[in-house]
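Colleague:
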Amino acid sequence: MRLYVDHEEDTDVVAADVRLSGALTALLAALPALIEEVERTVPGDVGDPHCSRLINLTDW
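Read left to right, the sequence shown gives residues 94 to 153 (our numbering).
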């Protein structure tokens with residue numbers, strides 16, 4: 094599933110790919126910190142016009 098996250102003070106929208114199985118509640122609690130980790134950012138053009146960057150959290 095792809096979640097779109099934005100912040101009131103920021104104009105960027107971050108997309109996060111997540112799995113629906115597993116510890117989804119823990120993932121949602123950790124999401125603010127996880128989207129700041131540069132090594133999780135998918136490089137290059139994400140091909141998604143709705144976000145400025147894509148974070149892969151499917152293996153978290």
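Every residue gets a Cβ at the ideal spot worked out from N, C-alpha and C, and that includes glycine.
Locate the alpha helix (DSSP H) running through A123, then write down its first and last residues.
Modeller: Counting from one through the sequence shown, the residue named residue 123 turns up at place 30. It spans L117 to L127 - the alpha helix (DSSP H) in which A123 sits, taken as one unbroken run.
Colleague: Give the secondary structure of R146 by DSSP, where H, G and I count as helix, E and B as strand, and everything else as coil.
Modeller: As a first step, residue 146 is located in the sequence shown; it is residue number 53 there, counting from the start. It is a strand residue.
Colleague: To the nearest angstrom, report how far apart A126 and C144 are at their CA atoms.
Modeller: Numbered from its first residue, the sequence shown carries residue 126 at position 33. Numbered from its first residue, the sequence shown carries residue 144 at position 51. Going by the C-alpha atoms only, they are around 18 Å apart.
Colleague: Taking the beta strand (DSSP E) that L113 belongs to, which residues open and close that run?
Modeller: Here residue 113 refers to the residue found at position 20 of the sequence shown. Segment: none, L113 is in no beta strand (DSSP E) and carries neither H nor E.
Colleague: Taking DSSP's pairing of strands, which residues face R133 in a bridge?
Modeller: For this step, residue 133 is matched to residue 40 along the sequence shown. None, per the DSSP bridge assignment.
Colleague: Give me the Cα-Cα distance between L124 and E102, rounded to the nearest whole angstrom.
Modeller: What you label residue 124 is simply residue 31 of the sequence shown in a count that begins at 1. What you label residue 102 is simply residue 9 of the sequence shown in a count that begins at 1. Their backbone Cα atoms lie some 17 Å apart in a straight line.
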